[in-house]
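Visitor: Going by full-length UniProt numbering, the first residue of the sequence shown is number 1, and it counts up by one from there.
Can you keep this structure in mind? I'll have questions shortly.
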Amino acid sequence: MVGAGTVLTVDQVKRAVAAGARFIVAPGFNEKVVDYCLQNNIPVTPGINTPSEIERALEKGLEILKFFPAEASGGLKTIKALGGPYTTVKFYPTGGINPGNLT
């Protein structure tokens, strides 16, 4: 299965899907990108970094979220803190995470 990452615009979504992408990953929460993907049944994982962005994602039914930039934003400690109130969310960290800073 092939997806497209670092997708910033709806035009990039369209081009990625035309080229065979079956899912989209974005570095941030671009409402236009998320809405387009949801309206067209394209799996999308937006990047989030704050509780407000998590709430926006949850309002749209998204529970798998990219935590970016992970290391610069506090890494695993921040993910654990965010996961406290948002128990249904699955975070995957990207940006500076390595075996040495996972604990």
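Glycine included, each C-beta is placed from N, C-alpha and C at the ideal position.
All values derive from a computational prediction rather than experimental measurement.
#1: Got a sec? Which residues, its chain only, sit under 7 Å from Lys84 by beta carbon, not counting five neighbours each side?
#2: Only counting runs of 4 or more residues, tell me where the alpha helix (DSSP H) segments fall wholly within the region 35–62, in order along the chain.
#3: Would you report the Cα separation of Val10 and Asn40, rounded to the nearest angstrom?
#4: Can you tell me the Cα-Cα spacing of Asn49 and Phe67, whole angstroms?
#5: Can you have a look at Thr6 and say buried or exposed, based on whether 16 or more other CB atoms are within 10 angstroms of its CB?
#6: Which residue's Cα is closest to the Cα of Gly96: Ile79, Gly75 and Ala57?
#7: Taking the CB atoms as reference points, tell me whether Ile54 and Val17 lie closer together than 8 Å.
#8: Arg22 and Val2 look like a contact to me (Cβ under 8 Å); what is the Cβ gap, rounded to whole Å?
Guide: The answer reads as follows:
#1: A quick correction: the sequence has Gly, not Lys, at residue 84. Excluding sequence neighbours, Gly84 sits near nothing in its chain.
#2: 51–59
#3: 11 Å
#4: 6 Å
#5: exposed
#6: Gly75
#7: No, Cβ-Cβ distance for Ile54 and Val17 is not below 8 Å.
#8: 6 Å
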